[in-house]
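Notes to accompany the following structure.
Residue numbers (the working numbering), protein chains in the order written: chain A, 1 to 234; chain B, 1001 to 1234.
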C-alpha cells in the first residue's frame, strides 16, 4: 500500500492527532523519526507506521510519498518515518516518584522526563502540565517516554492515595539539598516555571529542598535534575 | 518624544537588530521586558528604551504606540518595554570557566548561562554556538546575561592562551563526577547536543567527566548544570 495523495482520508485523520483534543479522543499520538520508531517497536504500542523508506517492513507499515510525509509531520525537514502509537497505560507506582505541577514549557517537561528515567524516578505524575503527547515534549524526551510510568492526576489526590510516600517540595527558603535525609519511598514535587508549587501543595510537603545558587532561581528542568541526581547517588 | 508610525526610520533600523548580521555590525542587541530593563539599568549598557509605559522616565526613553512596540518585538504579546543595549565587553578570566563548543539550541545556551552564574562559573567561552544575542537566549538567561564575562573564542585558542587552567571534558566513558579531584582554576567544556565535544578538543582535556545515569545521555543543559553544581559545593 502506498499513499500519494495528501487528501487521503487516513492522512487527514492522522494529521488531526497534532491536536490534543483528538489525541485524547483517540487515545493515540504521533512520534517522528527513527529513534522513536525503534523505541515504540520495543515497547509494542505502534498502531501505524508511515514511511518513505522501503527498507522498513511489517504489517503496520504504510508507504507514503514525501509530500504526504511532510503533511503528516510537524517538523520542517521530517525524517523518513512517523508512527501513530497507542497511549501508554499506567503501572504500579515505583519507589521514586516525580510530580510535576503545572509545568508549561514542552522543552522543560521533555527534559525532566528524560532525567527522571536517567535517575530512577520511574513514575511521573503530571498535574495540569502541558500535553505529554505534544511533539516538542516527545522530541525532548529523546525516546525515553515509553519506559516511564506516567500518571495524569491531581497532586493532592495522588498524595491522599499514596500516604506511605514522603513528599519533598522545592522552595527558595527550604533546606539545602545535601542536609536532608531522604526516605526510600519518596516523591519530588516541582512546580510551575513562573510561580512554583501551589500553596496548597506546599503546605502538605514534609520538607522543602533548596539548591544553593547565586541566581534568583534556576531553570526548573535543571533544578529538578540536580535534585534527582543527588538522590540517585545516596 | 513619541513615535506612532511603524515606518519611522529609527523603528525600521531597530527591527534590523533581530538579525545577527546587524547585531554584529552595530555591536548592539535588543532585550524585552521589565526584568531585563532593570538588569540593563544596573549594568549601565542601555542605548535606547522604547516603551508604552509613561511611568518609565529618563533621557534614553522614547515613547511609542502599541503597534510600534509590537513591530519592534519578537514575541506575540510584548511586555510594555524593550531596550537597545550595547554588547558587553570582556573582563579578566575568572577561576571557574565554562566553555561551550557548538551548542546550537538557544534554550540550552540560555539555561547554561543562567546556571553558570548560579554556580560561580563567571566566565563563559562561546565557541561557534548559536548567537548569544538571539532573543530566545536572552529570555532563557532570565536577566543573568549582564553579570557574566562572555568571550567568543575558539576552544583550543583559549586553552593555548590559558595554560594554567585544568580542562575537564564530558564523555560517556569518562570518570564519575564525584571521583575526580578538581583544580581551583578550571574550565568545564560542554559540546554539541548531537555530537558532543570535538575530537581535537577531547584529546586535549586532562580528565573527562561522566554522570551515572540510566539513559543514553542527558540534556546538555542538565548535564552541565549538575557538574557545575557539584564543583560549586567542593
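Where is the CB? At the ideal position from N, CA and C, for every residue including glycine.
Do the CB positions of residue i and residue j come within less than 9 angstroms of each other?
i              : j              : result
residue 185/A  : residue 95/A   : yes
residue 75/A   : residue 50/A   : no
residue 1207/B : residue 1174/B : yes
residue 143/A  : residue 171/A  : no
residue 1100/B : residue 1228/B : no
residue 1141/B : residue 1120/B : no
residue 28/A   : residue 87/A   : yes
residue 1214/B : residue 221/A  : no
residue 125/A  : residue 153/A  : yes
residue 1082/B : residue 1033/B : yes
residue 193/A  : residue 103/A  : yes
residue 72/A   : residue 138/A  : no
residue 212/A  : residue 1232/B : yes
residue 1226/B : residue 226/A  : yes
Give the secondary structure of residue i by DSSP, where H, G and I count as helix, E and B as strand, and everything else as coil.
i              : result
residue 1119/B : coil
residue 1174/B : strand
residue 146/A  : coil
residue 1132/B : coil
residue 1300/B : No answer is possible for residue 1300/B: the residues shown for chain B start at 1001 and end at 1234.
residue 1108/B : helix
residue 1138/B : helix
residue 1211/B : coil
residue 113/A  : helix
residue 88/A   : coil
residue 232/A  : helix
residue 161/A  : helix
residue 1036/B : helix
residue 9/A    : helix
In whole angstroms, what separates the C-alpha of residue i from that of residue j?
i              : j              : result
residue 68/A   : residue 134/A  : 20 angstroms
residue 1078/B : residue 1070/B : 6 angstroms
residue 1023/B : residue 157/A  : 51 angstroms
residue 1164/B : residue 148/A  : 45 angstroms
residue 112/A  : residue 224/A  : 7 angstroms
residue 1316/B : residue 1058/B : Because residue 1316/B is not part of the residues shown, which for chain B are 1001 to 1234, the question remains open.
residue 162/A  : residue 108/A  : 26 angstroms
residue 1085/B : residue 1146/B : 10 angstroms
residue 1017/B : residue 1127/B : 22 angstroms
residue 1052/B : residue 131/A  : 35 angstroms
residue 106/A  : residue 38/A   : 22 angstroms
residue 1122/B : residue 1054/B : 36 angstroms
residue 183/A  : residue 176/A  : 16 angstroms
residue 1030/B : residue 1040/B : 11 angstroms
residue 159/A  : residue 60/A   : 40 angstroms
residue 1025/B : residue 1010/B : 16 angstroms
residue 168/A  : residue 155/A  : 12 angstroms
residue 1114/B : residue 92/A   : 37 angstroms
residue 1064/B : residue 1004/B : 6 angstroms
residue 1198/B : residue 1062/B : 46 angstroms
residue 1150/B : residue 1116/B : 11 angstroms
Which partner residues of residue i appear in the DSSP bridge assignment?
i              : result
residue 1166/B : 1186/B
residue 1050/B : 1062/B, 1082/B
residue 3/A    : 64/A
residue 96/A   : 186/A
residue 1026/B : Partner(s): none; residue 1026/B has no beta bridge.
residue 192/A  : 196/A
residue 126/A  : 100/A, 152/A
residue 1031/B : 1083/B
Determine, for residue i, whether the minimum Cβ-Cβ distance to residues of chain B falls below 9 angstroms.
i             : result
residue 2/A   : no
residue 139/A : no
residue 14/A  : no
residue 192/A : no
residue 216/A : yes
residue 102/A : no
residue 210/A : no
residue 36/A  : no
residue 23/A  : no
residue 111/A : yes
residue 80/A  : no
Counting only beta-carbon separations shorter than 9 angstroms, does residue i have a partner in chain A?
i              : result
residue 1213/B : yes
residue 1061/B : no
residue 1146/B : no
residue 1219/B : yes
residue 1226/B : yes
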